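As you go down the protein sequences, you meet chains A and B in turn. Counted the way the numbering used here counts, the first sequence spans residues 1 to 302. Counted the way the numbering used here counts, the second sequence spans residues 1001 to 1302. Just so it is clear, CB atoms sit at the ideal spot from N, CA and C, and this is done for glycine as well. All values derive from a computational prediction rather than experimental measurement.
Number of protein chains: 2
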Amino acid sequence: MKTPPILVVGSVAFDDVETPFGKRENALGGSAIYFALAASHFTPVGIVGVAGKDYPPEAIQLLNRHKIDTTGLEIVEGKTFRWGGRYHQDLNQRDTLYTHLNVFADFKPNIPLPYRTTPLLFLGNIQPELQLEVLRQLDQPKFVALDTMNLWIKTARPALDEVIGKVDLLIINDSELKEITNEWNLLTGLRQLHQRGLQYVIVKRGEHGAYFSWRKGLFYAPAYPVAQAVDPTGAGDSFAGGLLGYLATQPKIDAKVLRRATLYACALGSFCVENFSIDGLLNLNTTLIEQRIQYLRRLVRI
Amino acid sequence: MKTPPILVVGSVAFDDVETPFGKRENALGGSAIYFALAASHFTPVGIVGVAGKDYPPEAIQLLNRHKIDTTGLEIVEGKTFRWGGRYHQDLNQRDTLYTHLNVFADFKPNIPLPYRTTPLLFLGNIQPELQLEVLRQLDQPKFVALDTMNLWIKTARPALDEVIGKVDLLIINDSELKEITNEWNLLTGLRQLHQRGLQYVIVKRGEHGAYFSWRKGLFYAPAYPVAQAVDPTGAGDSFAGGLLGYLATQPKIDAKVLRRATLYACALGSFCVENFSIDGLLNLNTTLIEQRIQYLRRLVRI
């Protein structure tokens, strides 16, 4: 087993999803899966997560075919995490129908030894305490990106603040920025986070694109306008996968590289929403990805 | 009286506005006023509209000081149009408290003779029948931009379609695009409008920026991230004012010039929301405007 250039720790799930464009049951999902598939188009990825005995061997094979190392994916007695959701006509609105944590309820990340020197880490949206545990087990990663959600902002604030203090990049959406900073204004919220010591922040705005903020400036990446968005599930994790995937191909990571990486993030997010579940992330190649990057560059050109 | 380079036909109003940042009563407002003040930083503007005897002479003087020709602003017996609204903490949400049309209810645009050869025309958001009447009175303007609203899309569709067929540029927001085209997808909606013969479309997305679409391409202008948005009233009309104002300074109008103009539109919209009523539009100069244009260009630069 080799050390993968990128490690992701996150959820592995079955999703039952209904959108105005159709319905999928038992679809492969979870933050670690979306992230890894998106990043796999750039570099090999290692996954740390947990699934139940019901997790299909074909899914593992599919991940392995995509250069995803599943050594860190524990298969334990019980059922895999399951999420059910229904999207409205406006795909930005959704109702969670159920969340069955199942084996994910007792998830304790255990990083395989060869993963501990992984240079790039994505802490998917899990309890901040577990994210801290992951950081304790790793050997000084070069770059750590963090995702979180309103639940942890409300219920696990001290641990979340501790994780934020240890990462290089926080990836959140508009409403999470407001909740974390208690600021309604984007610039004031970003300034507060940088003043607390955070070097980089990305604020995702879905179909509107994303801001990448560093201490000395702000960059805006437009969203790729998709011909048809059918299922937004996993778009945020695919975004992060595109971002870290691109970073893995670069000799160094600075604000300039992160600006370019944000375009790759937008591109991978756009592929994700065009199809149900992980399907939009499967049949990609460098040409398709680079076409979207060129489109995004042209989109803002005077 | 000279022919102004730009003519606007729209509402002239008193606004009573409450936002989380304060309250203003009897504030100068109306689409024609916002538009004219924004455009006045580029070129003289002529206004066609109606106000009541209660409209203060100081307001007329203020407009005139800004190179706004008010010959076409009729002052008639009765009260000026009045709108009352309250914005939520999320400034994208607002409740209309009242709409007193007053003298605006009987508004019949009567274009002064020297205005009839105006090259650039902005048809502010009034009944499509009145917009058609304005077009009948004008002598082949070089470029016509049109604003409208959901009310006319629902209640005056045949007339609105007729106006759309006669203008060069339609300026709408996301939800209006959906209502006009019955399409939830941006690209499909835009394609439908171009197929109907419309040359240019701008889709405003408020704090997210704006799309400018022409038959052969799409451009995205990011919003200027303001330090503090206090009152969004009039932002759309200021946006249009910045756009046509810039166009008036250019020898020809094509997609390239319109891409640049969309940045000026975003800049003027951003000045508007930073202050109550028209205040954000008053103390501007070329340097302040160009600083925002440079910021917007830098914001999307890799």
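Going along chain A, which residues have a C-beta under 7 angstroms from residue i?
i	result
Tyr1220/B	Pro222, Leu299, Val300
Arg1259/B	Ile302
Arg1205/B	His208
Across which residues does DSSP place residue i in a beta bridge pair?
i	result
Tyr200/A	Leu169/A, Trp214/A
Phe1143/B	Leu1120/B
Lys178/A	Answer by DSSP bridge pairing: none, since Lys178/A is not bridged.
Leu7/A	Gly46/A, Leu121/A
Thr19/A	Gly22/A
Leu28/A	Phe14/A
Phe1219/B	Phe1212/B
For residue i, which residues in chain B fall below 7 angstroms Cβ to Cβ?
i	result
Leu187/A	Pro1225, Ala1227
Less than 9 angstroms separating the beta-carbons of residue i and residue j?
i	j	result
Ser1270/B	Gly1234/B	no
Gly242/A	Ala265/A	yes
Tyr1224/B	Phe1212/B	no
Leu1263/B	Ile1293/B	yes
Pro1251/B	Val1300/B	no
Val1144/B	Leu1120/B	yes
Lys154/A	Glu179/A	yes
His88/A	Arg94/A	yes
Ala1240/B	Phe1122/B	yes
Phe35/A	Val45/A	yes
Ile302/A	Arg1297/B	yes
Val12/A	Tyr55/A	yes
Ile1172/B	Thr1148/B	yes
Glu133/A	Lys108/A	yes
Tyr220/A	Gly209/A	yes
Pro1305/B	Val1273/B	The structure shown does not extend to residue 1305/B, since chain B spans only 1001 to 1302, so no value can be given for it.
Ala227/A	Asn1102/B	no
Thr1043/B	Lys1067/B	yes
Leu288/A	Leu37/A	no
Glu1018/B	Arg1116/B	no
Leu1097/B	Gly1078/B	no
Lys1216/B	Ala1248/B	no
Leu218/A	Leu193/A	no
Leu1146/B	Leu1130/B	no
Can you find a C-beta in chain E that's less than 9 angstroms from the C-beta of residue i?
i	result
Lys256/A	Reference to chain E is not applicable here, since the protein chains of this structure are A and B.
Checklist entry - What are the complete beta strand (DSSP E) segments, minimum 3 residues, inside the stretch 1052 to 1136 of chain B? => result 1073 to 1076, 1081 to 1087, 1094 to 1100, 1120 to 1123
**Q.** Contact residues within the stretch 1087 to 1098 of chain B, judged by C-beta distance below 9 angstroms to chain A
**A.** Gln1089, Asp1090, Leu1091
Practice problem: Using a Cβ-Cβ cut-off of less than 8 angstroms, list which residues of the stretch 34 to 62 of chain A approach chain B; keep chain order. | Solution: none
Taking only beta carbons into account, state which residues of the stretch 171 to 201 of chain A come closer than 8 angstroms to chain B, listed in chain order.
-> Trp184, Asn185, Leu186, Leu187, Thr188
Contained alpha helix (DSSP H) runs [length at least 4] in the stretch 1224 to 1251 of chain B, N- to C-terminal order
1235 to 1248
Practice prompt. Please go through the stretch 1252 to 1297 of chain B and give each complete alpha helix (DSSP H) segment of 4 or more residues, from N-terminal end onward.
Written response: 1255 to 1273
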